[in-house]
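Reviewing the structure listed below.
Residue numbers (our numbering): 51 to 499.
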């Protein structure tokens, strides 16, 4: 069954990529007698990782020191041992020299964020600099979130050459021309959500709305048509799903996307890696009979002959009698609303090679976690990964990158979550999404097992 978490969180919107953030900082180390001024261009991707370029001085970059450092989020726990959702910091270390001479006179820099109760989002609060195991707090002169309107070329050129992929991504215009064949492509979006369930119905409803919004915005961005079919509420039952699949008749160049949010389980004595989805109209029905394995849905859709198929299920993959638990989702920072890249959208959804993708939230024997105001954790991280890779800051993308990123971030979230008390390592959740990719002329390639 699906694993319910209770808390509230800000959710990303589509077309733009609010899960990504770009900040500009100016600061100094006056507390330790360093009169040098520092400027930082900080990029946070949707998965929390990112990079920062730090320059010594505030004028042009000629003959000034410029370094690049990878960043990673570091989550902290409260006194009870649970994750503290009111704060986190991004650690940057191992500087790589870009221009100028030498490297900064510090070992590590931490960009600390704290919860703003007015927005329920994390905002930059403190910059801590570590040097030979000593820490000092920087004096911050400027901290600003950059978006499409405030992202000035002059500022970005302090940190990047015009030929740098980051600069090109931020300021280049993508050609949106569709061929006559591409203009006829239709997205067939099929959504099945158990919104009447007393435990997870609200979460499933959020998942349903998020999926429809994401792929409807994708169709609008690409300039192609979309046909949405939803089964939820009082229409939710196995016969309705079977009829929906029977009626599905995509054109050879079409896109089919099937998304399920609800309960899932393993049948005793049936060894299948992917879950059976619970399609009972009410709890009086037999879940063993009123169910379909998500892999069978994948195979049925693949046989319809569309050019690209994407089948997703956010549900548990274990004993149907397992109990739900309570936990909190990760804190979120404010987003920069960066544009999607048409070239990246084309690479994933308009690729000429026939492809089918199946992904589910948890491997055999595991629960999938969700939250009434947040939705399914897997659904959130899949959406974040997809939008991250559609953004202008990503180049040379593939479905494997999208799937692997969603898988890894879901695993990381589970590793920070306790499934039961007491809050000890033995009670940390386990959730590993699995997937397989089937390409024309090749055998299916599994991932995440």
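Just so you know, even glycine gets a beta-carbon here, dropped at the ideal spot from N, CA and C.
Here the structure is a predicted model, which is why all the values come from computation and not from measurement.
Worksheet item: Quick one, are the C-beta atoms of residue 405 and residue 487 less than 9 Å apart?
Response: Cβ atoms of residue 405 and residue 487: closer than 9 Å.
Discussion item. Here's a check: name, in chain order, each residue in its chain whose Cβ is nearer than 7 Å to the Cβ of residue 436, leaving out the five neighbours to either side.
Written reply: Excluding residues within five positions, the ones whose Cβ falls inside 7 Å are 452.
Worksheet item: Roughly how many whole angstroms lie between the Cα atoms of residue 284 and residue 478?
Response: In a straight line, the C-alpha of residue 284 is about 36 Å away from that of residue 478.
Worksheet item: For residue 108, which of helix, strand or coil comes out of DSSP?
Response: With a pLDDT of only 46 at residue 108, under the threshold of 50, the placement of this residue in the model should not be trusted; the figure read from the coordinates follows. In the structure shown, the three-state DSSP call for residue 108 is coil.
Worksheet item: What whole-angstrom Cβ distance do residue 341 and residue 328 have, given they're in contact under 8 Å?
Response: So it is a contact: roughly 6 Å between Cβ atoms.
Item to complete: Find the nearest neighbour of residue 476 within the set 97, 467, 402 and 83, judged by alpha-carbon distance.
Response: Ranking 97, 467, 402 and 83 by Cα distance to residue 476 puts 467 first.
Item to complete: Starting from the N-terminal side, write out each stretch of the alpha helix (DSSP H) that is 4 residues or longer and does not extend beyond the segment 219 to 276.
Response: Considered as a whole, the segment 219 to 276 harbours 230 to 233 and 251 to 272 as its complete alpha helix (DSSP H) runs of no fewer than 4 residues, in chain order.
Worksheet item: Ordered along the chain, which non-local residues of its own chain (more than five positions away) have a Cβ less than 7 Å from that of residue 126?
Response: Excluding sequence neighbours, residue 126 sits near 134, 137 and 138.
Discussion item. So, with DSSP's three-state summary, where would you put residue 71?
Written reply: In the structure shown, residue 71 sits in a strand (DSSP, three-state: E or B).
Worksheet item: How would you label residue 496, buried or exposed, when you count the other beta carbons within 10 angstroms and need 16 or more for buried?
Response: The residue in question, residue 496, is exposed, as its Cβ has fewer than 16 Cβ neighbours within 10 Å.
Worksheet item: Can you tell me whether residue 277 is buried or exposed, with buried defined as 16 or more other CB within 10 angstroms of its CB?
Response: Around the Cβ of residue 277, a 10 Å sphere holds fewer than 16 other Cβ atoms; the residue is exposed.
Worksheet item: Which term fits residue 368, buried or exposed, when burial requires 16 or more other beta carbons within 10 angstroms of its beta carbon?
Response: So residue 368 counts as buried.
Worksheet entry | Residues bridged to residue 308 (per DSSP) | Answer is 240 and 361, bridged to residue 308.
Worksheet entry | Separation of residue 183 from residue 80, as counted between CA atoms | Just so you know, the alpha carbons of residue 80 and residue 183 end up roughly 18 Å apart.
Worksheet item: To which residues does DSSP link residue 162 through a beta bridge?
Response: Residue 162 pairs with 139 and 176.
Worksheet item: residue 279 to residue 264, Cα distance in whole Å?
Response: Taking the straight line joining both Cα atoms gives about 15 Å.
Item to complete: Please report how far the alpha carbon of residue 411 lies from the alpha carbon of residue 371, in whole angstroms.
Response: When the Cα atoms are used, residue 411 and residue 371 turn out to be separated by approximately 18 Å.
Worksheet item: Three or more beta-carbon pairs under 8 Å between the segment 89 to 104 and the segment 201 to 215, yes or no?
Response: Yes, the segment 89 to 104 touches the segment 201 to 215.
Discussion item. Does the structure place the segment 347 to 362 close enough to the segment 331 to 339 that three or more beta carbon pairs sit under 8 Å?
Written reply: No contact exists between the segment 331 to 339 and the segment 347 to 362.
Discussion item. Can you tell me whether residue 81 is helix, strand or coil according to DSSP?
Written reply: DSSP places residue 81 in the helix class (H, G or I) of the three-state scheme.
Worksheet item: Looking at C-alpha atoms only, which residue of 446, 270 and 431 is the closest neighbour of residue 481?
Response: Ranking the options by Cα distance to residue 481, first place goes to 431.
Worksheet item: Which partner residues of residue 127 appear in the DSSP bridge assignment?
Response: Bridge partners of residue 127: 133.
Fill in: Beta-carbon proximity list for residue 200, same chain, < 8 Å, skipping 5 on both sides
Listed in chain order, the non-local C-beta contacts of residue 200 below 8 Å within the same chain comprise 194, local neighbours out to five positions each way being set aside.
Fill in: Nearest-angstrom Cα separation, counted from residue 350 out to residue 281
Distance between the alpha carbons of residue 281 and residue 350: 18 Å.
Item to complete: Indicate the three-state DSSP secondary structure (helix, strand or coil) for residue 146 in the structure shown.
Response: DSSP places residue 146 in strand when its eight states are reduced to three.
Worksheet item: Rounded to the nearest angstrom, how far is the Cβ of residue 383 from that of residue 220, given a contact under 8 Å?
Response: Actually they do not touch by this definition, with Cβ atoms about 19 Å apart.
Item to complete: Can you give me the Cβ contacts of residue 110 inside the same chain, cut-off strictly under 6 Å, excluding the 5 residues immediately before and after it?
Response: Residue placement at residue 110 is flagged as unreliable, the pLDDT there being 47, under the threshold of 50; a coordinate-derived value is accordingly withheld.
Discussion item. Bridge partners for residue 488 per DSSP, in chain order?
Written reply: According to DSSP, residue pairing for residue 488 in a beta bridge involves 406.
Discussion item. Once DSSP output is grouped into helix, strand and coil, what is the label at residue 481?
Written reply: DSSP places residue 481 in the coil class of the three-state scheme, outside both helix and strand.
Worksheet item: So, do the segment 421 to 431 and the segment 391 to 403 have three or more beta carbon pairs nearer to each other than 8 Å?
Response: Not touching, per the Cβ criterion.
Discussion item. Considering Cα atoms alone, identify which of 273, 250 and 191 is closest to residue 230.
Written reply: Ranked by how close their Cα comes to the Cα of residue 230, the residues 273, 250 and 191 have 273 in first place.
Fill in: Pairwise C-alpha distance: residue 461 and residue 129
For residue 129 and residue 461, the distance between alpha carbons rounds to 24 Å.
Fill in: C-alpha distance - residue 252 paired with residue 311, whole-angstrom precision
So the alpha carbons of these two residues sit roughly 11 Å apart.
Worksheet item: Pick from 419, 176 and 145: whose alpha carbon is nearest that of residue 76?
Response: Closest by alpha carbon: 176.
Worksheet item: For residue 101, which beta-bridge partners are listed by DSSP?
Response: Residue pairing by DSSP puts residue 101 in a beta bridge opposite 93 and 120.
Discussion item. Whole angstroms are fine: how far does the CA of residue 484 sit from the CA of residue 108?
Written reply: A caution first: residue 108 carries a pLDDT of 46, below 50, which makes its placement in the model unreliable, though a value can still be read off. Cα to Cα, the separation comes out at about 47 Å.
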